[in-house]
Amino acid sequence: MTDITTLDHVVIRFAGDSGDGMQLTGSRFTHETAVAGNDFSTLPNFPAEIRAPAGTVAGVSSFQLHFANFDIRTPGDAPDVLVAMNPAALRANIGDLVRGGTIIADSADFTARNLAKVGYASDPLTDGSLDSYHVHAFDLTGQTIAAVAELGLGRKDAVRTRNFYALGLLNWMYDRPVEGTLEFLAHKFAGNPAVRDANTAAVKAGYAFGETTELFATRYRIAPAPVPPGTYRQISGNRALGYGLMAGAARSGLPLFLGAYPITPASDVLHILSNTKQHGVTTFQAEDEIAAVGAALGASFAGQLGVTVTSGPGMALKSETIGLAVMLELPLVVVDVQRAGPSTGMPTKTEQADLTQALFGRHGEAPVPVIAAASPADCFDAAFEAARIAVTYRTPVILLSDGYLANGAEPWQIPDLATLPSIDPGFATSPNGPDGSFLPYARDEKLARAWAVPGTPGLQHRVGGLEKADGTGAISYDPANHERMVRLRAAKVAGIASDVPPAEADDPTGAARVLVVGWGSTYGPIAAAARRVRLNSREVATLHLRHLNPLPSNLGEVLRRYDRVVVPEMNLGQLAMVLRATYLVDAQSYSRVRGLPISVAEFAADLETIIDEESQR
Amino acid sequence: MTDITTLDHVVIRFAGDSGDGMQLTGSRFTHETAVAGNDFSTLPNFPAEIRAPAGTVAGVSSFQLHFANFDIRTPGDAPDVLVAMNPAALRANIGDLVRGGTIIADSADFTARNLAKVGYASDPLTDGSLDSYHVHAFDLTGQTIAAVAELGLGRKDAVRTRNFYALGLLNWMYDRPVEGTLEFLAHKFAGNPAVRDANTAAVKAGYAFGETTELFATRYRIAPAPVPPGTYRQISGNRALGYGLMAGAARSGLPLFLGAYPITPASDVLHILSNTKQHGVTTFQAEDEIAAVGAALGASFAGQLGVTVTSGPGMALKSETIGLAVMLELPLVVVDVQRAGPSTGMPTKTEQADLTQALFGRHGEAPVPVIAAASPADCFDAAFEAARIAVTYRTPVILLSDGYLANGAEPWQIPDLATLPSIDPGFATSPNGPDGSFLPYARDEKLARAWAVPGTPGLQHRVGGLEKADGTGAISYDPANHERMVRLRAAKVAGIASDVPPAEADDPTGAARVLVVGWGSTYGPIAAAARRVRLNSREVATLHLRHLNPLPSNLGEVLRRYDRVVVPEMNLGQLAMVLRATYLVDAQSYSRVRGLPISVAEFAADLETIIDEESQR
Amino acid sequence: MTTTPLAPGAGLTRVPLAVTPLTRKDFTSDQEVRWCPGCGDYAVLATFQGLMPQLGIKKENTVIVSGIGCSSRFPYYVDSYGMHSIHGRAPAIATGIAMAREDLAVWVVTGDGDALSIGGNHLIHALRRNVNITVMLFNNRIYGLTKGQYSPTSEQGKLTKSSPAGSVDSPFNPVSLALGAEASFVARTVDSHRAHLTEVLTAAISHRGAALVEIYQNCPIFNDGAFDGLKGPDSGLIPLRHGEPIRFGPDGGLGIVRGADGSLRPAAVDEVGLENVLVHDAHRDDPGLAFELSRLTDTGTILSAPIGIFRDVERPSYDDLARAQVSVAPDPARRLAELQGLITGPDTWTV
Amino acid sequence: MTTTPLAPGAGLTRVPLAVTPLTRKDFTSDQEVRWCPGCGDYAVLATFQGLMPQLGIKKENTVIVSGIGCSSRFPYYVDSYGMHSIHGRAPAIATGIAMAREDLAVWVVTGDGDALSIGGNHLIHALRRNVNITVMLFNNRIYGLTKGQYSPTSEQGKLTKSSPAGSVDSPFNPVSLALGAEASFVARTVDSHRAHLTEVLTAAISHRGAALVEIYQNCPIFNDGAFDGLKGPDSGLIPLRHGEPIRFGPDGGLGIVRGADGSLRPAAVDEVGLENVLVHDAHRDDPGLAFELSRLTDTGTILSAPIGIFRDVERPSYDDLARAQVSVAPDPARRLAELQGLITGPDTWTV
Ligand SMILES: Cc1ncc(C[n+]2csc(CCOP(=O)(O)OP(=O)(O)O)c2C)c(N)n1
Ligand SMILES: Cc1ncc(C[n+]2csc(CCOP(=O)(O)OP(=O)(O)O)c2C)c(N)n1
Ligand code: SF4
Ligand code: SF4
Ligand SMILES: [Mg+2]
Ligand SMILES: [Mg+2]
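Chains as they are written, first to last, in numbering that gives the first Met the number 0: chain S, 0 to 616; chain B, 0 to 616; chain H, 0 to 350; chain A, 0 to 350.
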């Protein structure tokens, strides 16, 4: 009999060739995990090439899942368990595995040829080089073929089911039922009974293999995480973002218009919204990013909620049109799903180095509200907030996500849309000026200008990129008017600070001297690192910013409460610069620019050093 | 007899309809001024419309000239003398004239119809509303017609010579010879004797009118300014900029390639360089700004000095390609002749609000050196320096000018090109790697990479926008390599600081407590204001930055020497933000965003208040 | 939401009609018109303000989008909704407007630089997609607003500030380019021919889909007389009228015939016989004929050029097709409930 | 500096020749080729590496500029100078290279998205200007690199991730578009037809001026079999050869004839007689015929399409004309002295 060991959390990475179905295996296992009540966080990792030659390191695709009996924040730095379908998968991932971790490998694929292809001189499964890990190597391919033999598939098709064999085995190891997966297969392959039955047989055989063999001495159990009651689903950042925009449009009573040009890692937002046309969503795949934002701005002018989604290179191209939107004072949401730059950079890798571009990347004084999402599920709230600000203030808003959030997934407590605040586009319907005239640049108490859409009788007017006369919106070259308008536009955006929650540090004991300030997807690593640091009996405060422009009005005050302010960013210190300039606080950048999330372990250790240093001063 | 009064300096503004030839009159008068040995500074002001309806305020064109017996810095805030050819010119400019100033007006144009067109209910020349000025109104048109009568021109053509009549009169008033102008006319209208003779007659008649009439009680004399000996010419910022680029290319031994798309106020650089093809200059009028910078980058790849020139909206469009240039590490000079924004803004007005776009307007970490010109003539040196940095460091460089510098003119001591430093493009001609290989990303001591141009045998290599492996330049997705390359690119640009002069404050007594820091075209107003403040027995230090990125290495130290740092900018405080962030110094923004140069008088007064405040602390 | 694409002539079908007849004054805004004296833009504006009331639609359902250039000031002068956008992007912005709203008449005003230089890509894509917009391309063969550089329609060798030794660019033929870009409606007219301009613009806005109208426009300041070669009775102006033989010259003495090698050329009608003169067919599905006719335009100084409607064929409009895929519950509560269903999805668990 | 434009066939005239003959290996870089198994890009690369040595030029005088897309990885695999630039901008960058250096053979590698979507404007302007570059447009009718969205050449109704209900875009015909943009050389070929590809690419690079070669390229992952309809003996592949009657189909039984209304259509050669089959004339100055031939391409599923050289005419190349205006003193000191004269100007004063 095998033992059952209880664990707090586990990180598993499934790795194989692009064609091995690792993403599917991973997401199925995630679903079982979710149903078992664990908290989780996932991160897929695709090869940069569409389909690099089989068996090469460049062609390895992986999926990492972190699940736990507590609320976790990241997909984990380093896997505890590595499932490696071939030598390339081992080679590409072994460096990340924790010492003493578990390797499950398909020995069938470790042929001399495959080993040579990735530069292994001898077989690591047997040459002793993996002695510091628990290696479970067995003929996964052969066993799968045997298991599905009687179903009459060709060898190639039979081999393709081995990811489900592996899934069955993992289900056994972590004590999860397989029923959900069997249902899923029945549904997915309803039209192809042969494949359905083979995969079903593979799952069952994998499970049975765990139960019958003596290879595995232990099974693991991770208790459910204590989460607020409610209905949950698994959601990726890009999907949550799309839904958040839809919710924003629905609560504004506006149709949603997405203008987009495909670009990694933002394309999925276009794909997802292209599938929701029955919800009043128009999607326009434009000829380029300039046309995409232009059409979105046109749709806004026509009374819809115009949105555009892109990544860094596309942001650069959109900047002139965003400047026009600043002048027109129309709602527009511009989403930047950041990736590693500069230039084409590393398109499949994450980074958060577009912040200063979002804040300053336009000519002239062209202030734009900037907000950022903190986690995959948070993309929903962030997108809703972006829509709210855009519509309420008649302004373009830049929403920052990144590759890590875009593709990562986590549980999401599904919100009740009816409880979300309703958003008022405040359409002008009647004259607001002297003698029945319409003043398109008359402002409400929030400084938002009057928005009259075409078709509204009597309110005909012209907008444009030339400086506008205050009130009338006529072209004006008057020096004093220009100064007034520049300051009015700035004041409108600055005023949003009074309409967002104040910054609040998470400082459980109130005794911390070091404050960690983050934005965007560093949320997970910072929270996880803070947890570790606190478990190591140190005090640390954290503060995460949703709004990057304007910053919360009390932020300076909060920052000044601490002796030291540390700003971890996946860039060279962009937020740190803004905080220093704004508050003259010696905020220190903790910078990691590797195309990867900041490592929790590394940051936690460094943070402890910082705290210890500070306490000795 | 008229008196002769000696003056230190005078500001004259010539104003008339777009068709009245005010720019020509102004520049001729400037030339006489230069020959007379005065220092001077000029600024034309064009209407926004190509040719607005005659006699309207929108159609007024003017030319302002400041000349003096000392070295001056600006074209002057407010004219002492206004030449108004019609009611529109008076209406548009009277607000700027100093109280007690002189008005010379052509009464012939002050008809009821013309007055009404610009909203004068009665004739200001006669209704007493100009009592606080010296008004010299006379029938300039009629006198001109009479003067040229015998030359047989039609009335229309005769009237067109009245600007030269006015010029003759002014020459008399300021005691200048007319010979230069007569030569100029002989040359310019060699092919059209009738026009030549008429203009000549007009100049002489205007001069004679001054001499014979009793209208003018005083003539003025402004002694020559003490300037270093040398040969001088008058030069505008755009011309100086073009010449500076040519000098940079010549001293690098490279052909110059300009890719440009017309845009106000940058187009003249294209026009000027299009006229210098016999000096090895290729100009390419591209289909848009993206193609312009792309072709320039292509030319650089091919071994030329690629340059592109634009204004704010074009900068926004070029940002993606500038990011590519950062990754390719090739020389490229990007000139931004700033104008008032955001969006189309006020194209004919000046501003310096593109600084943060230049510094931060790209996705990813894409550091680019940024430098700025301080005065029209200084555009030459700034352009040369931009070329030097681009070629020496194999990097794109952004050079900031603005509309005020572009069109303004001043005397320029013509440099001896042979004494300018020579610039080494350091072309790679042989392998630099192991086994005769070529490593395009191997670096010299300045961190500039090896630059091999097509046609060089054995050094074939590929560059591109994907992240490069250190040394080899192959595509790399390695996290550690990315971090290394991001930091290397940043270090290369930061290292330029060691190659530029340290910042030095101009602090004559060493006793100032207030430091004024400027960049770009605020140079003139700051210097002039400092002069005034010092004449009013107060101490003030000034510091003008040529290099905005990297900042001079000793800058923090200099700033910290002063109790108060004031940063006047024609934006909402962009340099101030950078100084605050970089040095944690409480640099205070003095912000004027009116599409106009900062007023010397206003700033001097405000600066005195600041100094007095500071001395009382 | 639309389901079936509408036919040509249906360009304005879904735009509401004015209740009382409008006049030219209704389409005149309070802004002072600020082109140079004698600019061809004045004539086009006047013609436009004259024809708009005749369309019978509500003026508040008219939208004019322009780029940047002298001509792009146009929207300010018309009392409709308008946007003076940024250089070259008007077709993209108009695409968003047309997709968002089927009840608007959407005009794009642009210049040869705006449409063909910086904005060339948006223009050809709008034409390819067949978005229901009407583009008035003011071709003065020069950059007016930036004071006289050569444009993509300037003749090779042109002397301008940016080409003091003569430009080395050879020009686009806007009609050929549009046809190569699959345009369903392409026409050309002249600023000063009021009746022709009215007729062509009316046909263009009535076309359902993208319509490109090239307007030869005189710029007296920077390119004066560029189209003077087309004036006078014996000019090479070749009027195209659907279903009629293509005749031109004094008394229509010249006609276009197809030569032995298949190419088109002018010939004396007397000599070849009227029956051999090509009959214009603007509705032919294949754009080949229209393309060949477009090549009869001079590329240097323009002394000869066809005007009229080169092509006018039926093809579903992009925005109609796009709208046909979009729907939404009319009632906000129902919309929210449906969205609630979507975001919930099939795979949930409850704690 | 050049003074007289060179003729067709002179595309490489000013590129120095290799001293010893080169082989395919000389044009193979050390980078591992990373397209999907079966991708049509492999075949084009192999053909390219095979034909380059035959051109006889120095390999270090070869430059390949690409944009972004699967096909745009091409330069990495050829041991020449190369730039993998940014999306859509390769023609602009190549224009700068070609203007700067007459001694380089400049290739542009691009995809249907890169060249026709984001990069459409640069492409048509390079063609209009007639810059001496050769553009290989890999048309797989899909966005490969971004994993399968429809492109501007995809058929209407295409189901992709971004068009789950079928795309509503109607496609460009790249050959028609190029002809509308005044291209002097336009051809089409197919990835798998090695001999044809070699012949067409060789003619293209030998053309002095801009050459556009559309290459039908299979993407087995996202648009497999898009050109399968053109395979087999009775496919609708219509080979164009200058001076020969245009015949196709099994045993060349079909031919292109000009119908009574002047339009082109296929007919059985037996029925119409060989003498009535249209003889291809690629050198005809007027692009009308080439344009009409381009329209024989299917717009939906491609079952019929002409391949070969549609047009190849003589027109001065842009970079030659531009270079003819540029000169400089060969000696640096003299250059500096001349510049000193320029900056001094005529109007100076001395203190
Ligand atoms: C991005 C950008 N680039 C350049 C300009 C400058 N610019 C304004 S209009 C124009 C060309 C105008 O020519 P055209 O479209 O022919 O219009 P026209 O003035 O002749 O009517 C240019 C280059 C600009 N406003 N924005
Ligand atoms: C500015 C910018 N926008 C979008 C992208 C994303 N992108 C890369 S390649 C591509 C399209 C590729 O399609 P195609 O040109 O047909 O090349 P293929 O991959 O099919 O060979 C897109 C949209 C990008 N890299 N840069
Ligand atoms: S510059 Fe030419 S196009 Fe522009 S307004 Fe004047 S005349 Fe018209
Ligand atoms: S996705 Fe298609 S085009 Fe791209 S490499 Fe793979 S097969 Fe080739
Ligand atoms: Mg024009
Ligand atoms: Mg493609």
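Using N, Cα and C, we set each Cβ at its ideal position, and we do this for glycine too.
| Asked | Found |
| --- | --- |
| Alpha-carbon to alpha-carbon, S:L168 and S:V177 | 10 Å |
| Cβ-based burial, H:H83 [other Cβ within 10 Å; buried from 16] | buried |
| Cβ-based contacts, 9 Å cut-off: residues of the segment 289-320 of chain S near chain H | I289, A290, A291, V292, G293, A294, A295, L296, G297, A298, S299, F300, A301, G302, Q303, G305, E319, T320 |
| Same chain, Cβ closer than 8 Å to S:F437, five either side skipped, listed in chain order | A427, P430, N431, A449, A451, G457, L458, Q459, H460 |
| 7 Å CB neighbourhood of H:G147 in its chain, flanking five on each side removed | I141, T159, K160, F221 |
| Any C-beta of chain H under 8 Å from that of S:I610 | no |
| At least 3 beta-carbon pairs within less than 8 Å: the segment 26-33 of chain B vs the segment 560-572 of chain S | no |
| Cβ-heavy atom distance, A:N60 to ligand 1, below 7 Å | no |
| Chain B contact for S:F163 (CB, 8 Å cutoff) | no |
| Cutoff 8 Å: A:T341 Cβ touching any chain H Cβ | It should be noted that the sequence gives Leu, not Thr, for residue 341 of chain A. Not one chain H Cβ lies under 8 Å of A:L341. |
| Residue from B:D377, B:E350, B:Y476 with nearest C-alpha to B:G243 | B:D377 |
| Segment contact flag, the segment 235-255 of chain S with the segment 364-383 of chain S, C-beta cutoff 8 Å, min 3 pairs | yes |
| Neighbourhood of A:R333 by C-beta distance below 6 Å, restricted to the same chain and skipping five residues each side | none |
| Status (buried if at least 16 other CB within 10 Å, exposed otherwise) for H:N60 | buried |
| Near ligand 6: A:G110 beta-carbon under 7 Å from a heavy atom | yes |
| Nearest-angstrom beta carbon gap, H:E181 and A:S303 [assumed within contact, 8 Å] | Actually they are not in contact, since the Cβ atoms of A:S303 and H:E181 sit about 18 Å apart, beyond 8 Å. |
| Reference B:S60, options B:L23, B:T73, B:V584, B:I71, closest by Cα | B:L23 |
| A:M0 versus B:L416: straight-line alpha-carbon distance, rounded | In this prediction, A:M0 has a pLDDT of 37, which is less than 50 and means its spatial position is unreliable; what the coordinates show is noted afterwards. Taking the straight line joining both Cα atoms gives about 25 Å. |
| Neighbour list for H:N120 in chain S, Cβ cutoff strictly below 9 Å | E286, D287, I289, A290 |
| Interface flag, H:Q290 vs chain A, CB-CB below 8 Å | In the sequence as presented, Gln is not what sits at residue 290 of chain H; that position holds Phe. Yes - at least one Cβ of chain A is within 8 Å of the one on H:F290. |
| Outcome for A:V18 when other beta-carbon atoms lying within 10 angstroms are tallied against a minimum of 16 | exposed |
| B:Q351 burial status per 10 Å Cβ neighbour count (16 or more: buried) | buried |
| Reduced DSSP secondary structure (H/G/I, E/B, other) of H:S234 | coil |
| Identity of the residues DSSP links to B:Q412 by a beta bridge | B:Y231 |
| Distance CB(A:V64)-CB(A:V107) smaller than 8 Å | yes |
| 8 Å Cβ cut-off: residues of chain H touching A:N129 | S169 |
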